[in-house]
Amino acid sequence: MTLVYLDNNATTMVAPEVCEAMMPYFSEMYGNASSIYDLAHSANNAVKESREIIADFLGAKDPKEIIFTSCGSESANMAIKGTLEVNKNKKHIITTKIEHPCVLNLYKDLEKKGYRVSWIDVDSNGDLNIGQLLEEVCDDTALVSVMMANNETGVIYPVDKISEAVKMRNPETKVFVDAVQAAGKIPINVKDTKIDMLGISGHKFHAPKGIGALYVKTGTMISPLIIGGHQEKGKRAGTENVPYIVAMATAARLAKEALNDELTRVKALRDKLERGILSSIKNSVLNSKSKNRVPNTTNIGFQYIEGELILLHMNDLGICASSGSACTSGSLEPSHVLRAQGVPFTSLHGSIRFSLSRYTTEQEIDYTLEKLPAIIDKLVKISPFQKELNEIFK
Ligand code: PLP
-18 MTLVYLDNNA TTMVAPEVCE AMMPYFSEMY GNASSIYDLA HSANNAVKES REIIADFLGA
42 KDPKEIIFTS CGSESANMAI KGTLEVNKNK KHIITTKIEH PCVLNLYKDL EKKGYRVSWI
102 DVDSNGDLNI GQLLEEVCDD TALVSVMMAN NETGVIYPVD KISEAVKMRN PETKVFVDAV
162 QAAGKIPINV KDTKIDMLGI SGHKFHAPKG IGALYVKTGT MISPLIIGGH QEKGKRAGTE
222 NVPYIVAMAT AARLAKEALN DELTRVKALR DKLERGILSS IKNSVLNSKS KNRVPNTTNI
282 GFQYIEGELI LLHMNDLGIC ASSGSACTSG SLEPSHVLRA QGVPFTSLHG SIRFSLSRYT
342 TEQEIDYTLE KLPAIIDKLV KISPFQKELN EIFK
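For the sequence shown, the residue numbers in the numbering used here are -18 to 375.
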């Protein structure tokens, strides 16, 4: 049966080279990276080398600025809670309305605990109101937290410029960037920015699930989330997951090599898919028209039909995509990102995110473009909104 995987923002296939690189660390080189005998040295060296590769991937000055974590959610929680813990006298946070739930729900929780959170708006294209964000910065602002690329729409946020401008207003305010959906899709270079912390997750760029990293700029104080042993220089306790650390470093090296392909070939395929859908399906609309989008993502609304039904019909033909983010799918709540953009209810419930990867082929895009119009046609016929649809199709 055909399988067309267009849900790479949910997770990615582990690259064969990544599997190969990590396997020996399960069997021959299984030592604890903190032990002193030779068996452990190979593990220790692998962690050291991996840290250097991740530092290079993110453009960090010093490998010591990289802390290995278990996922993007942990990286975000560590950065946010760790910053607030060492800045107890400050009670104000600035973030956006379109963050991933691992950030958004944490801020909602902090709001209940007495923090004042400023939630910054986006416009109908998905672009951020940066003026509004900067106006909110005050003496009490402990943290500004803006994602680098949105997981549902792919819109890129100018975090370098935002961090510069925030520091001009208050040099003490810390800046955290959730770069989980940017890593491997666009270049990241923290070195010349004022970003204090930046989180990534391996499974979004062809490493396994269960490994992530947090960049913490030298001199930035954060308290650990997990307290215990002295691993990761006391900033994150727990025996190092050597195979997965090696896997993420290998995936990062491959992603860096493939970046040009991502920015050209993958983008061309995404554009072909987007153009093809919008021109062949009359009730389709592009949800985020921002000029700044990661090259692999498009989010398209199909007016007056149900997104979950589209997904089920696509699944029957072997096409995988998603409505909303993987973490909210199944909740039937319309996407908070699209609601923040003011997407009307007519396409809010029928919005589908297609996300490609460097493994996506032109044949897969052609297959999707061939099959999708018939699926939408079928669902249009059973929609309760016949009058409105007749207007669109007349
Ligand atoms: N941040 C963004 C933007 C994401 O898209 C995701 C996952 O979808 C996360 C954070 C959480 O990453 P993880 O699944 O590794 O916890």
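By construction, the Cβ of each residue, glycine as well, lies at the ideal position given by its N, Cα and C atoms.
Item	Value
Which two residues bound the contiguous beta strand (DSSP E) that contains ARG97?	97 to 101
Taking buried to mean at least 16 other C-beta atoms within 10 Å of its own C-beta, is ASP177 buried or exposed?	buried
Looking at GLY180 and ALA160, is the spacing between their C-beta atoms short of 9 Å?	yes
Is ASP173 buried or exposed, if buried means 16 or more other CB atoms sit within 10 Å of its CB?	exposed
Quick one: is LEU114 buried, meaning 16 or more other Cβ sit within 10 Å of its Cβ, or exposed?	buried
Here's the rule I'm using: 16 or more other beta-carbon atoms within 10 Å means buried, otherwise exposed. How should GLU243 be labelled?	buried
Run the CB neighbour count on ASP220, radius 10 Å, all protein chains shown included, and call it buried at 16 or more, exposed below.	Looking at the sequence itself, residue 220 is Thr, so the reference to Asp does not match. With fewer than 16 Cβ atoms within 10 Å of its Cβ, THR220 is classed as exposed.
For VAL161, name the three-state secondary structure that DSSP assigns.	coil
Alpha carbon to alpha carbon, what distance is there between ILE207 and SER56?	11 Å
Tell me the DSSP secondary structure of ARG246 in three-state form.	helix
Who are the Cβ neighbours of ASN(-11) in its own chain at under 7 Å, not counting the five residues just before and after it?	ASN277, SER336, LEU337 and SER338
The ligand PLP heavy atoms versus the CB of LYS359: any closer than 8 Å?	no
Nearest-angstrom Cα distance between LEU109 and ARG274?	13 Å
Counting along the chain, where does the beta strand (DSSP E) carrying TYR348 start and finish?	Not the beta strand (DSSP E): TYR348 falls in the alpha helix (DSSP H), residues 343 to 363.
Compute the Euclidean distance between the alpha carbons of CYS52 and ALA230, then round it to the nearest angstrom.	14 Å
What is the rounded straight-line gap between the Cα of ILE167 and the Cα of SER144?	18 Å
Would you grab the beta carbon distance between THR122 and THR154 for me? Rounded to a whole angstrom, and I think it's under 8 Å.	5 Å
Could you work out which residue in ASN106, ALA2 and TYR(-14) is closest to ILE226 when comparing CA atoms only?	ALA2
Taking the alpha-carbon positions, what's the LEU(-13) to ASN25 distance?	37 Å
I think ASN131 touches VAL266, with their Cβ atoms under 8 Å apart; what is that distance to the nearest whole Å?	Actually they are not in contact, since the Cβ atoms of ASN131 and VAL266 sit about 18 Å apart, beyond 8 Å.
Using the Cβ count rule (16 or more neighbours within 10 Å means buried), how would you classify SER306?	No answer about SER306 holds up, because its pLDDT of 47 lies below 50 and its placement is not dependable.
Of all the options TYR96, ALA228, ASP252 and LYS359, which has the alpha carbon lying nearest to the alpha carbon of GLU30?	ALA228
By Cβ distance below 7 Å, which residues in the same chain neighbour GLU(-2) in space, the five residues on each side in sequence not counted?	THR231 and LEU235
Identify the continuous alpha helix (DSSP H) that holds ARG150 and give its terminal residues.	140 to 150
Taking 8 Å as the cut-off, is the C-beta of SER54 nearer than that to any heavy atom in the ligand PLP?	yes
Compute the Euclidean distance between the alpha carbons of THR309 and GLU343, then round it to the nearest angstrom.	Here THR309 scores only 48 on pLDDT, less than 50, and its place in the model should not be relied on; the value that follows carries that caveat. Answer to the nearest angstrom: the Cα atoms are 29 Å apart.
Tell me the DSSP bridge mates of SER126?	THR76 and PHE157
So, SER332 versus SER304, is the Cβ gap smaller than 9 Å?	yes
Skipping 5 residues on each side, what residues in its chain have a beta carbon closer than 7 Å to that of LEU290?	LEU360
According to DSSP, SER23 sits in a beta bridge with which residue or residues?	Note: SER23 sits in no beta bridge, so no partner.
With a threshold of 8 Å, are at least 3 pairs of Cβ atoms found where one atom belongs to the stretch 253 to 262 and the other to the stretch 54 to 71?	no
List the endpoints of the continuous beta strand (DSSP E) containing ARG334.	332 to 336
Considering only the beta carbon of each residue, do TYR196 and ILE48 sit closer than 9 Å?	yes
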